[in-house]
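Residue numbers (my numbering): 5 to 143.
The structure is reproduced here in structure tokens:
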């Protein structure tokens, strides 16, 4: 989805950016809320963790954070089409990654509580320098 279309489609939504990353020996994920200027990063010590799990973990952490806010219209951006496809498969009972079920359950809970939540793919977080900066440092 082009940046201009994102601005129109989600004009009155809070934008949350997530990313999972494997950089050298570093594995981790992060999310960023540009409204509240909140960023969080999680290091994952397991060298065998796959990138889909890291992308899911980023979304899980963002959802945990979002449940503590007063936001009612949220769009979560990810640059991982694969994670979105896997979530769709999980919702149809075809995937056994725990984080995927946590995402689905969290979103269902938020929707029941009157919160609009969307997951949206964007190509490599175009224009979101903060995410790359956050992920590049393994501190």
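Virtual Cβ for every residue (Gly too), placed ideally from N, Cα, C. All values derive from a computational prediction rather than experimental measurement.
{"Query": "In or out: residue 62 buried (at least 16 other Cβ within 10 Å) or exposed?", "Result": "buried"}
{"Query": "Quick check on DSSP: helix, strand or coil for residue 131?", "Result": "Residue confidence is low: residue 131 scores 49 on pLDDT, short of 50, so the model does not pin down where it sits. Its coordinate-derived value is still stated next. Three-state result, residue 131: coil."}
{"Query": "Just the Cα atoms here: how many angstroms apart are residue 112 and residue 85?", "Result": "21 Å"}
{"Query": "Nearest-angstrom Cα distance between residue 122 and residue 43?", "Result": "19 Å"}
{"Query": "For the ligand ZN, any of its heavy atoms closer than 7 Å to the Cβ of residue 11?", "Result": "What this structure holds is no ligand at all, so the ligand ZN is not there to describe."}
{"Query": "According to the neighbour-count rule (16 or more other Cβ atoms, all chains shown, within 10 Å of its Cβ), is residue 92 buried or exposed?", "Result": "exposed"}
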